[in-house]
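Here is the structure we will look at, set down as structure tokens.
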Amino acid sequence: MGRFLIAVALSLALAGAAQGQSRDENWKRCVDNNPDISIGGCTAVIQGGGETNATLATAFDNRGISYGEKGQHDRAIQDFDQAIRLNPSDASAFHNRGKAYDLKGQHDRAIQDYDQAIRLNPSYALAFTNRGIAYGQLGQHDRAIQDHDQALRLNPSDAVAFNGRCWAKLHLDRVESALADCETSLRLRPNDAETLDSRGAAHLRLGRLHAARADYEAALRIDPRNAHSLFGRGVVRRRQGDLAGGDADLAAARAIEADIDARMAKLGIRP
């Protein structure tokens with residue numbers, strides 16, 4: 008009987024150790040950079056039981072981020088909802104849900120979540136950056152610049168905020184200042200297609216056709232379906248006398264984004 012009790016105790020201890028190992032392994036997968044691995048690991052953590060509300064909220068938050076990386080924004084929002092329900096003081100979950108709404112084109116709804124993230128964490132630089140981008144999408148470029156200014160006070164090396172401010176300034180005809188922001192952004196994050204596109208627009212607005220074309224072509228090597236870059240290059244090619252090539256670029260841009268003419272007109276760029 009004594010040996011049986013020892014065996015049972017040993018079995019339970021081993022089971023506890025295995026369970027601990029399994030939990031640790033699930034968490035390791037939950038924070039993996041590969042979204043499929045992360046989703047599997049976080050799901051195992053969520054279903055495994057034994058987590059506090061705070062750690063369970065983290066698992067939902069991480070899984071939501073991974074769904075977002077796969078473009079499954081509705082599923083991401085469901086997970087962020089759960090994370091917020093479990094831990095309503097977590098600024099990151101509000102920010103991440105705001106980003107998901109942004110990517111769905113629901114910019115007003117995104118701003119509500121960014122507002123709450125900033126209320127919970129007034130030093131949340133990334134929330135200011137993304138709220139600035141959302142304001143820019145709504146055409147509120149002065150408010151966008153205010154948010155990018157604050158983001159850069161909090162994080163002076165935020166390349167995305169520099170590019171967002173560049174883009175907002177272009178819409179307000181502050182072209183030289185916009186170009187300076189784009190240059191800084193590219194020093195911090197070279198070869199970024201969106202920033203190359205922004206700088207191309209600034210060069211085009213200033214009549215620097217060769218520089219504009221070089222930036223647009225660099226952007227298109229990275230992202231061949233960038234409608235803004237195709238349109239911008241089309242305008243440049245037409246002004247350089249290549250009407251057929253320019254018209255081909257403009258047609259390709261319009262096939263990708265039907266409203267690209269109106270969007271580029273707001274930047275002061277027309278065929």
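To convert, count from 1 in the sequence shown and add 7; that's my numbering.
Note that beta-carbon positions come from the ideal geometry of N, C-alpha and C, so glycine has one too.
At the C-beta level, residue 98 and residue 71 stay beyond 8 Å of one another. It is roughly 10 Å from the alpha-carbon of residue 237 to the alpha-carbon of residue 244. The C-beta separation of residue 124 from residue 105 comes to about 7 Å, placing the pair in contact by the 8 Å criterion.
Cβ-Cβ distances below 7 Å link residue 200 to 226, 229, 230, 233 in the same chain, with the five nearest sequence neighbours on each side left out; the list follows chain order. Within the same chain, Cβ atoms closer than 8 Å to the Cβ of residue 156 are found at 172, the five residues on either side in sequence being excluded. Check the Cα spacing between residue 198 and each of 73, 221, 62: the tightest is with 221.
Put simply, of 110, 58, 240, 143 the residue whose alpha carbon is nearest the alpha carbon of residue 78 is 110. For the pair residue 38 and residue 103, the Cα-to-Cα distance works out to about 15 Å.
If the five residues before and after residue 73 are omitted, its C-beta is found closer than 6 Å to the C-beta atoms of 42, 45, 46, all from its own chain and listed in chain order. Residue 223: member of the alpha helix (DSSP H) spanning 216 to 229, first to last residue. Our two residues, residue 117 and residue 249, have alpha carbons roughly 42 Å apart in a direct line. DSSP, reduced to helix, strand and coil, places residue 79 outside both helices and strands of the structure shown, so it counts as coil. Rounded to whole angstroms, the Cβ separation of residue 260 and residue 241 is 6 Å, and the two are in contact under 8 Å.
Rounded to the nearest whole angstrom, the C-alpha separation of residue 163 and residue 180 is 24 Å.
The Cβ-Cβ distance between residue 205 and residue 161 does not fall below 8 Å.
In this structure residue 96 is exposed. Its beta-carbon is surrounded by fewer than 16 other beta-carbon atoms within 10 angstroms. Note that the C-beta distance between residue 189 and residue 218 is not below 8 Å. Here residue 81 is exposed: its Cβ has fewer than 16 other Cβ atoms, across all protein chains shown, within 10 Å. Per DSSP, reduced to three states, the secondary structure at residue 180 is coil, with no helix or strand assignment.
Residue 266 and residue 107 have their C-alpha atoms roughly 23 Å apart. Assigned with DSSP and collapsed to three states, residue 72 falls in helix. Closest by C-alpha distance to residue 207, out of 195, 194, 185, is 185.
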